[in-house]
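Number 415 in my numbering belongs to position 415 of the sequence shown; there are no gaps in the numbering.
Please read the structure below before turning to the comments.
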Amino acid sequence: MNNDSTSRIVAGLREWIASAPPGARVPSNRALMAEYGASPVTVQKAMRALASLGLIESRPGVGTFVRSVRNARPVDYGWQTAALGSPHSRIPVLSSTQRSVAPDAIALHSGYPARELLPERLVRAGIARAARSDAAVSRSPATGSPELQAWFATELAATAPANVTPPANRDVLILPGSQSGLSSIFRALVGSGRPLLIESPTYWGAILAAAQAGVILAPVPAGPDGPDPDALARAFAQTGARGFYAQPTYANPTGAQWSTERGLAVLEIVREHGAFLIEDDWAHDLAIDTDPRPIAAHDDDGHVIYLRSLTKSVAPSLRVAALIARGPARDRILADRAAESMYVSGLLQAAALDVITQPGWRTHLRGLRHQLRTRRDLLIDSLRDHAPTAHIERRPVGGLNLWVRLPDDVDVERFARECEIRGVIVAPGAEWFPAEPSGPHIRLNYSGPDPERFPEAARVIGDVLRELG
């Protein structure tokens, strides 16, 4: 019997079920075979289809019955209000960059590169080899795979001056993504109720991690060249903070990169105040016009806590990152990490290590640099042509994003809604500010899908700006 026979039985039984009371016994398979002249296989397919629709239920050893329909009723969860009490801190909701959108929309809001920018062949091969290794069935050390620790330590050591002692392998802690590392750093080194200096604007995930840890954020304004060293020194003196969180290389959202001189000046201020610089090198592999210059490479006395992630450059499915810290700070962070997650999946570590040690990895990064440059320039040129009032202070030299200033009289939330109605999804900039926004901004990701539609997106942005202006 073909699918037409199955459909005929399903249609006939649905009509019968519509008039049958809940709990009524469904005719037996033998009766259905006789009535429809169908084979046992065809009848079984029809019954499975009806069960998947929630119309019937099978009771082994008893029979098949019309399923009882539960009446929908509003559920009152008000009792939980008293049980939970007031929250200790207000945790921000997930960023707008995490939301799903319609398949035909032009998505400029995401925080991840499009699939075609990832080393997919290397990732698939790495996962397959890792699945055949001992890592697939064994427990990883709490500090991470020794081979992966060594790789991250060697990468940072390669950029260190001759007079700076490079990090040891044991200084490296492997993490399930850098977000969990931020949470551990803030808890272990700053502490609830204590101040932390942070760039403004900055990565929304750091703001979220600080809220989870109960840390009090003290914003330090950051321009295209990074924070002003004098302003940073004053902030340390005024707050008594013991840490400063920053992204010196291709900052999210601005794409800014500090000069070597600016980085060393900031490091000196951190040393003078006996504090930590939490350096988030999230975009190390996303260079376009320059090369990354980690400040941690100039530090051997434990003032810099260094984070580097592979999530954006390898694959979102391989959430593997590293934290490099020295001395008691490293031990405190490790204790927090072990208490929270015990260890990182050895399978993911093995797959990530396989990818980044293949000869094709460096080839991929060279091609990625060219692709990011092409997409960045296309989006900038499109905005210049179609949305001239959308201001880009400086062309980003790396990373994934454009930081766009809108005219002062524009309501950013309304602007984003109007763009979405017309099929263009942008990320309102307020969530990148740890305090009140300094002005109306949006963040646009030039590494997303469909770059050929950037001119179309820019026309929509320009049209909305003219209508709201």
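All C-beta atoms, glycine included, are put in the ideal place defined by N, C-alpha and C.
Given the structure is predicted, the values throughout are model-derived calculations rather than measurements.
Please report the straight-line C-alpha distance between residue i and residue j, rounded to a whole angstrom.
| i | j | result |
| --- | --- | --- |
| Ile174 | Arg187 | 17 Å |
| Leu307 | Arg170 | 15 Å |
| Met342 | Ala142 | 6 Å |
| Glu436 | Ala135 | 47 Å |
| Ser309 | Val43 | 54 Å |
| Lys312 | Arg194 | 31 Å |
| Asp377 | Arg384 | 10 Å |
| Tyr250 | Gln358 | 25 Å |
| Ala352 | Asp411 | 43 Å |
| Ala213 | Ser178 | 15 Å |
| Thr6 | Arg25 | 20 Å |
| Met1 | Ala38 | Confidence in Met1 is poor, its pLDDT being 42 and thus under 50, which makes the residue's placement too unreliable to answer from. |
| Glu15 | Phe65 | 15 Å |
| Ala387 | Leu468 | 13 Å |
| Gly111 | Ser19 | 52 Å |
| Ile461 | Gly367 | 30 Å |
| Asp104 | Arg326 | 48 Å |
| Ala335 | Leu189 | 12 Å |
| Pro248 | Asp280 | 8 Å |
| Pro455 | Ala427 | 18 Å |
| Gly181 | Arg139 | 20 Å |
| Leu406 | Ala390 | 5 Å |
Which residue comes first and which comes last in the beta strand (DSSP E) that contains residue i?
| i | result |
| --- | --- |
| Asp280 | Phe276 to Asp280 |
| Asn445 | His441 to Asn445 |
| Gly126 | From DSSP, Gly126 is part of no beta strand (DSSP E) but of the alpha helix (DSSP H) over Glu120 to Ala131. |
| Val397 | That residue, Val397, is in no beta strand (DSSP E); it is neither H nor E in DSSP. |
| Gly243 | Gly243 to Ala246 |
| Ile207 | Ile207 -> not in any beta strand (DSSP E); alpha helix (DSSP H) instead, spanning Trp204 to Ala213. |
| Pro434 | From DSSP, Pro434 is part of no beta strand (DSSP E); its letter is neither H nor E. |
| Val172 | Val172 to Leu175 |
| Val137 | No beta strand (DSSP E) contains Val137, which DSSP labels as neither H nor E. |
| Ile198 | Pro195 to Ser200 |
| Leu108 | Segment: none, Leu108 is in no beta strand (DSSP E) and carries neither H nor E. |
| Leu217 | Ile216 to Gly223 |
Taking the alpha helix (DSSP H) that residue i falls in, what are its first and last residues?
| i | result |
| --- | --- |
| Pro146 | Pro146 to Ala157 |
| Phe472 | Residue 472 is absent from the structure shown; the chain starts at 1 and stops at 469. |
| Phe186 | Element bounds for Phe186: n/a, residue is neither H nor E. |
| Thr42 | Pro40 to Ser52 |
| Ile421 | Val412 to Ile421 |
Given a threshold of 16 other Cβ atoms within 10 Å of its Cβ, counted over all protein chains shown, does residue i qualify as buried or as exposed?
| i | result |
| --- | --- |
| Thr154 | exposed |
| Trp432 | buried |
| Leu53 | exposed |
| Asp299 | buried |
| Gln238 | exposed |
| Tyr77 | exposed |
| Gln257 | buried |
| Val479 | The question about residue 479 has no answer, for the chain in this structure spans 1 to 469. |
| Val41 | exposed |
| Arg536 | Missing from the structure shown is residue 536; the chain here goes from 1 to 469 and no further. |
| Ala131 | exposed |
| Gly346 | buried |
| Gln80 | exposed |
| His370 | exposed |
| Ile421 | exposed |
| Thr260 | exposed |
| Asn163 | exposed |
| Thr254 | buried |
| Ala158 | exposed |
| Ala218 | buried |
| Arg319 | buried |
| Leu119 | First, the residue type needs correcting, since residue 119 is Pro and not Leu in the sequence shown. So Pro119 counts as buried. |
| Ala339 | exposed |
| Thr165 | exposed |
| Val137 | exposed |
Considering only the alpha carbon of each residue, which of the options lies closest to residue i?
| i | options | result |
| --- | --- | --- |
| Arg271 | Ala246, Asp301, Glu261 and Arg293 | Asp301 |
| Leu156 | Gly263, Gly214 and Leu323 | Leu323 |
| Leu365 | Ala335, Ala283 and Asp381 | Ala283 |
| Gly429 | Ser200, Asp134 and Arg132 | Ser200 |
| Val10 | Arg234, Arg48, Thr389 and Leu232 | Arg48 |
| Ala150 | Ala162, Arg139 and Pro167 | Pro167 |
| Val424 | Ala458, Pro434 and Glu413 | Ala458 |
| Gly274 | Glu35, Ala206, Arg242 and Pro451 | Arg242 |
| Glu418 | Arg466, Ile295, Asn29 and Ala209 | Arg466 |
| Gly126 | Pro440, Ile216, Val314 and His109 | Val314 |
| Arg330 | Leu208, Ala297, Gly85 and His303 | His303 |
| Leu286 | Asn445, Ala390, Ala128 and Arg414 | Asn445 |
| Ser438 | Arg115, Gly223 and Asp450 | Gly223 |
Heavy atom of the ligand HEM less than 8 Å from the Cβ of residue i, yes or no?
| i | result |
| --- | --- |
| Gln179 | This structure lacks the ligand HEM; in fact it carries no ligand of any kind. |
### Query
What are the uninterrupted segments assigned as alpha helix (DSSP H) that are 4 or more residues long and contained completely in the stretch 289-363, given in chain order?
328-341 and 346-356
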